[in-house]
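A.B. asks: Please find one structure pasted underneath; my questions will follow.
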């Protein structure tokens with residue numbers, strides 16, 4: 001699966017040749033350092049010949065690094081049509097291994113693009129990162145692995161532990177479905193243009209004994225109630241979904257607050273609520 005990124009123009013030259021700049025409305029911040037994108041690709045692999053989906057490739061810095069790996073195919077989903085001609089130049093050098101999809105990743109059918117054996121690796125646009133993660137955690141298509149870049153605050157929330165300030169609904173759902181860990185921090189200066197915040201890469205690997213979709217749906221409702229009123233005791237915040245009786249059936253202290261309950265505890269609450 002040979003791909004020679006050096007055969008292509010440097011990313012900055014390619015952007016200048018096409019007259020392209022990042023758009024704030026799309027939450028775009030480009031990674032142009034191939035040393036950084038290659039490290040992300042290494043952290044995401046191995047792919048064992050399977051398909052990798054990348055959302056928001058922009059000029060294709062991470063795309064080039066992914067094509068250097070053992071991925072069978074790379075599918076990029078890009079909403080900003082300005083980048084399609086530039087990405088096509090990468091595709092022309094990729095011997096059929098790069099598929100370009102112009103559209104909104106929130107509406108994409110990943111199963112049709114990657115089949116059941118797909119991975120997701122992306123420097124996610126800041127404005128859609130969390131909705132996309134929730135889609136992949138709770139939707140009908142579950143990737144084999146996800147290696148995703150977020151604002152550092154969001155990355156820390158995904159991997160947060162009970163009792164910490166960042167622990168909340170996102171972390172509970174992510175950790176119920178996957179093993180989640182922060183694998184790389186990136187300062188703002190690594191990007192063009194630099195964002196106002198630092199970023200971090202999170203690796204998520206589905207748990208082999210993870211919850212069934214129906215339990216995840218119940219977990220979404222329980223965590224929405226619990227963390228929607230996180231300062232209240234669970235007997236109050238969970239009133240709409242069962243309150244004190246729900247807590248007692250799940251073996252949870254009804255006077256506890258949401259941030260004190262671990263992922264296993266929330267899964268018990270979700271299971272009891274589902275009945």
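In the UniProt record's numbering, the protein residues as written are 1 to 275. All C-beta atoms in this analysis are idealised placements derived from N, C-alpha and C, irrespective of residue type, glycine included.
Which first and last residues belong to the beta strand (DSSP E) in which residue 241 is found?
C.D. replies: Taking the chain shown and counting its residues from 1, one reaches residue 241 at position 241. Counting along the chain, residue 241 falls outside any beta strand (DSSP E), and DSSP gives it neither H nor E.
A.B. asks: Can you look up residue 60 in the DSSP assignment and give me helix, strand or coil?
C.D. replies: The residue you call residue 60 lines up with position 60 of the chain shown. Here residue 60 sits in coil by DSSP.
A.B. asks: If we require 4 or more residues per run, which alpha helix (DSSP H) segments fall completely within the segment 29-99?
C.D. replies: The segment 29-99 contains these whole alpha helix (DSSP H) runs: 34-44, 61-67, 84-92.
A.B. asks: Just the Cα atoms here: how many angstroms apart are residue 82 and residue 137?
C.D. replies: Numbered from 1 along the chain shown, position 82 holds the residue referred to as residue 82. Numbered from 1 along the chain shown, position 137 holds the residue referred to as residue 137. In a straight line, the C-alpha of residue 82 is about 30 Å away from that of residue 137.
A.B. asks: Express the C-alpha separation of residue 274 and residue 188 in angstroms, rounding to a whole number.
C.D. replies: Position 188 of the chain shown, counted from the start, is the residue given in the question as residue 188. Position 274 of the chain shown, counted from the start, is the residue given in the question as residue 274. Cα to Cα, residue 188 sits roughly 43 Å from residue 274.
A.B. asks: With a Cβ-Cβ cutoff of 9 Å, do residue 177 and residue 207 count as a contact?
C.D. replies: For the purposes of this step, residue 177 is identified with residue 177 of the chain shown, where counting begins at 1. For the purposes of this step, residue 207 is identified with residue 207 of the chain shown, where counting begins at 1. Yes. Within cutoff.
A.B. asks: Give a yes or no on contact between the segment 141-160 and the segment 79-93, applying the rule of three or more CB pairs nearer than 8 Å.
C.D. replies: Flag = no, the segment 141-160 and the segment 79-93 do not touch.
A.B. asks: Tell me the rounded alpha-carbon separation between residue 211 and residue 6.
C.D. replies: Here residue 211 is taken as the residue at index 211 of the chain shown, counted from 1. Here residue 6 is taken as the residue at index 6 of the chain shown, counted from 1. Between residue 211 and residue 6, the C-alpha separation is close to 44 Å.
A.B. asks: Mind pulling the alpha helix (DSSP H) runs of 4 or more residues that sit fully within the segment 159-183?
C.D. replies: For the segment 159-183, whole alpha helix (DSSP H) runs of length 4 or above, ordered along the chain, are 169-177.
A.B. asks: Alpha carbon to alpha carbon, how far is residue 97 from residue 223?
C.D. replies: Taking the chain shown and counting its residues from 1, the one referred to as residue 97 is at position 97. Taking the chain shown and counting its residues from 1, the one referred to as residue 223 is at position 223. If you take the alpha carbons of residue 97 and residue 223, they lie about 40 Å apart.
A.B. asks: Cα separation between residue 220 and residue 169?
C.D. replies: Taking the first residue of the chain shown as 1, we reach residue 220 at position 220. Taking the first residue of the chain shown as 1, we reach residue 169 at position 169. Looking at the two C-alpha atoms, the distance is approximately 8 Å.
A.B. asks: Tell me where the beta strand (DSSP E) around residue 274 begins and ends.
C.D. replies: The residue given as residue 274 occupies position 274 in the chain shown. Looking at the DSSP string, residue 274 is not in any beta strand (DSSP E); the run it does join, the alpha helix (DSSP H), is 263-274.
A.B. asks: Can you name, in chain order, every residue of its own chain whose Cβ lies under 8 Å from the Cβ of residue 63, other than the five neighbours on each side?
C.D. replies: Position 63 of the chain shown, counted from the start, is the residue given in the question as residue 63. Here the set comprises 54, 57, 74, 76, 87, 90, 98.
A.B. asks: Spatial neighbours of residue 93 within its chain, please: C-beta separation below 8 Å, excluding the five flanking residues on both sides.
C.D. replies: One-based indexing of the chain shown puts residue 93 at position 93. Taken in chain order, the residues that qualify are 3, 4, 7, 8.
A.B. asks: Residue 79 and residue 102 - do their beta-carbons sit closer together than 9 Å?
C.D. replies: For the purposes of this step, residue 102 is taken as residue 102 along the chain shown, with counting starting at 1. For the purposes of this step, residue 79 is taken as residue 79 along the chain shown, with counting starting at 1. Yes.
A.B. asks: Evaluate residue 149 with the Cβ neighbour count: other Cβ atoms within 10 Å of its Cβ, from every protein chain shown; 16 or more gives buried, anything less gives exposed.
C.D. replies: By one-based count along the chain shown, residue 149 stands at place 149. Looking at its Cβ environment, which holds 16 or more other Cβ atoms inside 10 Å, residue 149 is buried.
A.B. asks: Report the rounded CA-to-CA distance for residue 30 versus residue 107, giving the unit in angstroms.
C.D. replies: Here the question's residue 30 lines up with position 30 in the chain shown. Here the question's residue 107 lines up with position 107 in the chain shown. If you take the alpha carbons of residue 30 and residue 107, they lie about 23 Å apart.
A.B. asks: Beta carbon of residue 71: closer than 8 Å to some heavy atom of the ligand HEM?
C.D. replies: Judged by which ligands are present, the structure shown has none, so any question about the ligand HEM falls away.
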